[in-house]
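Q: Encoded as structure tokens, here's the structure I'll be asking about.
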Amino acid sequence: GQQLNQSPQSMFIQEGEDVSMNCTSSSIFNTWLWYKQDPGEGPVLLIALYKAGELTSNGRLTAQFGITRKDSFLNISASIPSDVGIYFCAGRRTSGSRLTFGEGTQLTVNP
Amino acid sequence: SQTIHQWPATLVQPVGSPLSLECTVEGTSNPNLYWYRQAAGRGLQLLFYSVGIGQISSEVPQNLSASRPQDRQFILSSKKLLLSDSGFYLCAWSPATGLSYEQYFGPGTRLTVT
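These protein sequence lines map, in sequence, to chains C and S. 111 is the number that my numbering gives the last residue of the first sequence; the numbers go up by one with no jumps. 225 is the number that my numbering gives the last residue of the second sequence; the numbers go up by one with no jumps.
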């Protein structure tokens with residue numbers, strides 16, 4: 001079945017550092033979404049990407065739709081303690097509305 | 112604006128007991144609706160999705176079932192819970208039309224089967 005490989009699985013960084021994470025697949029996706037989940041809550045949509053090569057920002061977050069359509073990247077600049085959480089990528093293939101989710105990146109920010 | 116509700120927020124049930132989790136969406140019509148399960152805070156497993164009233168697609172064979180009795184209501188049920196049914200259950204919705212495939216999640220229900 002479809003699989004998304006999300007890396008790294010976890011990150012421990014100092015406040016103020018930049019963060020990069022990515023998702024890759026052997027299949028082509030037409031949509032990439034990035035979510036953040038705080039403990040005990042539902043995931044919140046951060047950024048949606050619809051075109052290969054697209055680069056979209058949301059505050060300190062920037063995400064890119066890979067040119068091959070098989071990957072996506074999320075960068076967080078100047079991290080702060082409230083960035084702590086699990087970040088998920090999700091992709092949609094050619095038809096239907098179902099999404100495939102990555103396993104998540106657990107981000108810890110030390111003050 | 113659209114909002115999505117789930118209840119209960121937490122639930123502790125004994126093995127063999129029935130289950131009913133409810134999800135409702137406000138502020139939109141004919142949404143696509145989804146039930147996911149998340150174990151140990153990682154990885155979302157799609158359980159069911161629905162594109163309309165009475166239309167349910169199951170992604171994995173299991174002890175659970177879903178129903179959509181009204182346009183904006185989605186229910187997850189079980190006749191007899193198993194220990195392995197414990198987890199964090201998330202409901203989500205997405206617009207039925209247009210080019211947006213973004214899914215929006217509810218606050219979740221934490222189920223513990225004892």
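Built from N, CA and C at the ideal position, the CB exists for glycine as well. Just so you know, these numbers come straight off a predicted model, no measurement behind them.
Can you tell which of S:Thr-114, S:Gln-124, S:Val-123 has the C-alpha that lies nearest to the C-alpha of S:Cys-134?
A: Your numbering for residue 134 of chain S matches position 23 in the second sequence. Checked all of S:Thr-114, S:Gln-124, S:Val-123; the closest Cα to S:Cys-134 is S:Thr-114.
Q: Any beta carbon of chain S sitting closer than 9 Å to that of C:Glu-41?
A: For the purposes of this step, residue 41 of chain C is taken as residue 41 along the first sequence, with counting starting at 1. Yes, its Cβ sits closer than 9 Å to a Cβ of chain S.
Q: Can you have a look at C:Thr-105 and say buried or exposed, based on whether 16 or more other CB atoms are within 10 angstroms of its CB?
A: Taking the first sequence and counting its residues from 1, the one referred to as residue 105 of chain C is at position 105. Looking at its Cβ environment, which holds 16 or more other Cβ atoms inside 10 Å, C:Thr-105 is buried.
Q: Does chain S have any CB closer than 9 Å to the CB of C:Thr-31?
A: Within the first sequence, numbered from 1, the residue matching residue 31 of chain C stands at position 31. Yes, contact with chain S.
Q: At the level of alpha carbons, what is the spacing between C:Leu-55 and S:Tyr-215?
A: Counted from its first residue, the first sequence places residue 55 of chain C at position 55. Counted from its first residue, the second sequence places residue 215 of chain S at position 104. Cα to Cα, the separation comes out at about 22 Å.
Q: Nearest by alpha-carbon distance to C:Val-44: which of C:Ala-78, C:Ser-77, C:Ala-90 is it?
A: Mapped onto the first sequence, residue 44 of chain C falls at position 44. Cα-wise, what sits closest to C:Val-44 is C:Ala-90.
Q: How about C:Leu-99: is its Cβ closer than 8 Å to a heavy atom in the ligand SAM?
A: Within the structure as shown, the ligand SAM is missing, as the structure has no ligands at all.
Q: If we count the other Cβ atoms within 10 Å of its Cβ and call it buried at 16 or more, is S:Gln-192 buried or exposed?
A: Residue 192 of chain S sits at position 81 when you count from the first residue of the second sequence. For clarity, residue 192 of chain S is Leu in the given sequence; the question names Gln instead. Buried.
Q: State the DSSP-derived secondary structure class of S:Leu-130, mapped to helix, strand or coil.
A: Counted from its first residue, the second sequence places residue 130 of chain S at position 19. Residue state, collapsed to three classes: strand.
Q: Go through its chain and collect everything with a Cβ distance to S:His-116's Cβ below 6 Å, but skip five positions before and after it.
A: By 1-based counting over the second sequence, the position of residue 116 of chain S is 5. Closer than 6 Å at the Cβ level, and outside the excluded window around S:His-116, lie Thr-135.
Q: Excluding the five sequence neighbours on either side, which residues of its own chain have a C-beta within less than 7 Å of the C-beta of S:Gly-198, listed in chain order?
A: Here the question's residue 198 of chain S lines up with position 87 in the second sequence. Closer than 7 Å at Cβ, skipping near neighbours: Arg-148, Gln-149, Ala-150, Leu-222.
Q: With three or more C-beta pairs closer than 8 Å as the rule, is the region 47-65 of chain C touching the region 25-32 of chain C?
A: Contact holds: three or more Cβ-Cβ distances are below 8 Å.
Q: What residues in its chain sit with their C-beta under 6 Å from that of C:Gly-112, if we drop five residues either side in the sequence?
A: Here chain C has residues from 1 to 111 only, and residue 112 of chain C is not among them.
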